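Protein sequence lines correspond, in order, to chains R and U.
Oh and the first sequence: position 181 is 297 in the numbering used here, straight run, nothing missing.
Oh and the second sequence: position 53 is 169 in the numbering used here, straight run, nothing missing.
Step one of this worksheet: look at the structure below.
2 protein chains.
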Amino acid sequence: MSIDDRTARAWLSATIEPAMPAVAALVAQVGAPDAVRALSSGRSVPGLRPVYDADPSATGRAVLSDAGATGMRWVCPGEPEWPTALDDLASAGDLHRRGGVPYGLWVRGERDLATLTKQVVAVVGARASTSYGDDVAGDLGAGLGDAGVCVVSGAAYGIDAAAHRGVLAVGGGTVAVLACGADVVYPRGHEGLLAWCTSNGAVVSEAAPGAAPTKIRFLARNRLIAGLSRAVVVVEASWRSGSLTTLKWGELLSRACLGVPGPVTSEASTGVHLALREHRAELVTNAAEVRDALAPLGAAPVDGVGAVGLGRTRVTDRLDPRELEVLEALPAGAAGLTAEQLSARTRLPVAAVRHSLTSLAARSLAACGPQGWRLAPRRA
Amino acid sequence: MSIDDRTARAWLSATIEPAMPAVAALVAQVGAPDAVRALSSGRSVPGLRPVYDADPSATGRAVLSDAGATGMRWVCPGEPEWPTALDDLASAGDLHRRGGVPYGLWVRGERDLATLTKQVVAVVGARASTSYGDDVAGDLGAGLGDAGVCVVSGAAYGIDAAAHRGVLAVGGGTVAVLACGADVVYPRGHEGLLAWCTSNGAVVSEAAPGAAPTKIRFLARNRLIAGLSRAVVVVEASWRSGSLTTLKWGELLSRACLGVPGPVTSEASTGVHLALREHRAELVTNAAEVRDALAPLGAAPVDGVGAVGLGRTRVTDRLDPRELEVLEALPAGAAGLTAEQLSARTRLPVAAVRHSLTSLAARSLAACGPQGWRLAPRRA
């Protein structure tokens with residue numbers, strides 16, 4: 117039996133529940149064709165009932181042909197259109213027994229997915245949002261869109277929809293990542309929104325065409341929203357909101373984890389406030405602050421400056437002179453300095469020092485500990 | 117010329133602008149009587165024009181007598197009614213060229229100030245508050261009052277008044293710290309509120325009886341609000357709100373610095389959000405979370421348990437069994453653990469671990485760094 121990589125991956129998507137860690141590990145270990153050869157002949161894998169398919173190549177080709185006929189294309193790891201940020205999922209571990217790089221993505225929409233997802237921020241939150249949350253998510257979407265940042269979300273009611281609509285309203289790009297098949301309209305009421313996303317961005321899913329949205333697929337889907345993004349922003353979330361899973365994936369993937377506060381009298385913001393209290397997310401209040409958080413230490417600059425000139429660009433190249441001065445004045449040890457002390461060192465006004473510190477902290481260059489401001493510890 | 121300590125301090129209050137660092141330093145160095153002898157004979161001190169008073173003792177006695185006649189008493193450092201927390205101001209430095217332990221406090225109200233201020237939280241914020249802010253401040257005041265915590269604030273319009281009213285409404289104690297004389301009704305519209313504060317708590321000031329409220333006295337006054345308190349909670353504050361000075365004093369005095377978030381669309385919360393973003397305040401959403409922040413590591417327990425039994429009580433004595441288990445599982449080094457890992461170590465559910473971590477962090481026993489949860493570094 118011979119099967120090529122793309123067809124093997126299509127077979128996996130159509131036959132196996134998405135994001136099973138054991139299957140993802142097998143694919144990573146032996147490659148998709150050999151994994152399919154093993155699995156289609158009944159090889160047992162933890163969590164998976166044996167599967168038998170005498171001709172997986174024919175099955176895979178049929179899936180690809182059917183999907184193509186309904187306007188979906190199949191984008192696989194390593195291909196030019198593949199969003200390479202998703203490869204980070206290979207080493208991010210599991211959550212709710214789901215994890216790993218997807219075998220591929222079913223994509224609807226004209227725009228090139230790799231180009232569309234060059235600068236992406238996830239804006240997620242409660243389905244049962246308030247009008248405050250919808251306003252904030254819409255403003256964030258529009259502000260990010262104005263800045264050329266693509267907004268990824270889950271096309272659910274509430275915050276997701278408000279974020280998509282916000283960025284679409286300013287002509288920006290957006291990606292809707294579904295828990296069901298990319299060809300399934302869910303929720304039903306979002307047929308128009310999904311069509312709008314398709315024409316101005318993309319609707320994607322790792323689940324098989326026609327797949328129904330299930331609870332476990334929502335949890336698996338959330339890792340893709342975080343995986344595609346440089347930052348995850350939660351706008352409203354109650355204590356047990358699924359969007360906190362997306363935030364958790366952001367943490368596992370070392371994405372910037374951000375939360376928008378709301379009235380403490382609002383149930384819809386309790387989960388965000390808890391995440392902020394536990395320092396699992398940084399507080400942001402607008403799109404500019406989200407953008408400030410987009411360039412973590414060691415990462416390539418988000419605006420593509422690094423692609424031009426003398427090869428690798430350091431993150432410090434993007435700092436303004438004041439930020440550089442404050443950065444240079446920061447101590448490296450545990451004993452930090454107050455903004456006032458840094459003001460004395462740099463001879464900059466305290467307000468300017470504070471502003472620079474906020475910006476440096478958002479870039480993970482400065483950290484504020486119990487003993488004051490210091491250089492952020494380098495990540496492993 | 118002979119003058120006793122109380123009379124000398126009354127003279128200082130009546131003659132010298134409050135909170136001048138050079139005068140406070142002189143008093144700390146030579147004592148109030150010698151300081152008065154020097155100052156009343158024209159001794160020059162930075163920031164102070166020379167003063168001449170041939171009989172400061174007579175002046176001081178007259179001030180005390182007049183104040184007594186209008187229902188004020190003079191409470192001095194070292195006296196039984198003195199709130200000893202204010203002594204921390206001796207080493208807290210200056211802000212806006214104001215600082216130091218006050219010479220004494222003019223007090224209106226029947227209740228003993230030391231008893232009243234045993235457990236105090238400052239609730240401060242914008243004069244131009246929103247109805248959301250007023251509601252939250254009122255709820256905080258009531259929640260703290262219900263728990264037997266006294267609320268200190270500045271009796272200004274807006275958040276201050278809402279906090280006073282909240283605690284008064286549940287029959288709790290409150291202290292209004294004024295920038296003008298304790299006998300001056302300012303703002304005029306708060307005559308009733310100040311009378312209510314007097315009958316259920318205290319109205320206090322370091323400024324001379326009859327003194328007018330000036331900008332510099334407001335700034336000096338804010339250090340007393342923080343100094344009296346174990347925690348400073350800012351409910352609403354715009355970018356340049358004076359309540360951020362109170363928060364800054366809280367920081368200088370190592371008080372718990374707390375902020376209540378609000379809608380990001382509200383101008384009235386911008387200063388609080390900035391303080392939270394800069395980690396100058398911890399996010400709190402209700403009175404219970406404020407109370408959780410009241411017992412910093414090494415401090416005496418706030419509920420007085422430490423007064424009974426085997427002498428000094430450790431802060432860990434007040435933890436519940438789960439919190440103790442999580443505390444014991446926390447690593448001491450820089451490399452921390454996730455809540456999930458701690459859950460595996462302790463065999464407690466992740467949600468219980470998270471809850472315990474929040475509580476431990478509020479007590480400054482646990483800290484969350486870029487590499488996970490660990491034991492909080494001990495304060496110097």
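Here a beta-carbon is modelled for each residue, glycine too, at the ideal position from N, C-alpha and C.
Since the model is a prediction, treat every value here as computed from it, not as a measurement.
Asked, Found
"For alanine 347(U), three-class secondary structure by DSSP", "strand"
"Beta bridge counterpart(s) of alanine 201(U) as assigned by DSSP", "None; alanine 201(U) has no bridge partner."
"Integer Cβ distance of arginine 346(U) from leucine 410(U), believed to fall under 8 Å", "5 Å"
"Glycine 257(U) - DSSP class collapsed to helix/strand/coil", "helix"
"Beta-carbon spacing of leucine 142(U), valine 167(U) below 8 Å", "no"
"Chain R contact for glycine 378(U) (CB, 8 Å cutoff)", "yes"
"Chain-ordered neighbours of arginine 479(R) on chain U, where CB pairs are closer than 7 Å", "Per Cβ cutoff of 7 Å: no residues; arginine 479(R) is ~13 Å from chain U at best."
"Backbone secondary structure at valine 380(R) - three-state DSSP", "coil"
"Own chain partners of arginine 356(R) with C-beta closer than 7 Å, once the 5 adjacent residues on each side are dropped", "none"
"Range of the contiguous alpha helix (DSSP H) that encloses serine 370(U)", "Taken as a continuous stretch (DSSP letters only), serine 370(U) belongs to no alpha helix (DSSP H), as it is neither H nor E."
"Environment of arginine 165(R) [buried if 16+ CB atoms lie within 10 Å]", "exposed"
"Cβ pair count under 8 Å reaching 3, the segment 222-237 of chain R against the segment 308-323 of chain R", "yes"
"Where valine 252(U) sits in the DSSP three-state scheme", "helix"
"Aspartate 228(R), DSSP secondary structure in three states", "coil"
"Residue of Val351(R), Gln235(R), Thr246(R) minimising C-alpha distance to leucine 344(R)", "Gln235(R)"
"Start-to-end residues for the alpha helix (DSSP H) that takes in tryptophan 127(R)", "121-131"
"For serine 156(U), three-class secondary structure by DSSP", "helix"
"Aspartate 251(R) at chain U interface by Cβ criterion, 8 Å", "yes"
"Below-8 Å beta-carbon distance, threonine 362(R) vs any chain U residue", "no"
"Rounded C-alpha distance that separates tryptophan 190(R) from threonine 361(U)", "58 Å"
"Cβ neighbour criterion (16 or more within 10 Å) applied to valine 146(U)", "exposed"
"Per DSSP, the bridge partner or partners of cysteine 484(R)", "Trp489(R)"
"Local Cβ density within 10 Å of valine 265(U), reported as buried at 16 or more and exposed below that", "buried"
"Host alpha helix (DSSP H) of cysteine 313(U) (start-end)", "307-316"
"DSSP three-state assignment for threonine 290(R), whether helix, strand or coil", "strand"
"Pair within 8 Å by beta-carbon distance, leucine 256(R) and histidine 280(R)", "no"
"Short CB-CB distance (under 8 Å) between glutamate 322(R) and chain U", "no"
"Beta carbon of alanine 467(U) nearer than 8 Å to that of alanine 482(U)", "no"
"Under 9 Å from the C-beta of cysteine 484(U): neighbouring residues of chain R", "Glu394, His395, Arg396"
"Beta-ladder partner(s) of glutamate 398(U), from DSSP", "Leu374(U)"
"Against chain R: residues of the segment 217-249 of chain U by CB proximity under 7 Å", "Tyr248"
"Nearest neighbour of alanine 478(U), chosen from Ala403(U), Arg463(U), Gln457(U) [CA to CA]", "Ala403(U)"
"Alpha carbon of alanine 353(R) to alpha carbon of alanine 327(U), nearest angstrom", "50 Å"
"Per-residue DSSP class, three states only, for arginine 470(U)", "helix"
"Check whether glutamate 367(U) and arginine 396(U) have beta carbons under 8 Å apart", "yes"
"Distance, glutamate 405(R) Cα to glycine 414(U) Cα", "Because the pLDDT of glycine 414(U) is 40, which lies under 50, any placement of that residue in the model is unreliable, and the number read from its coordinates should be weighed accordingly. Cα-Cα distance, rounded: 37 Å."
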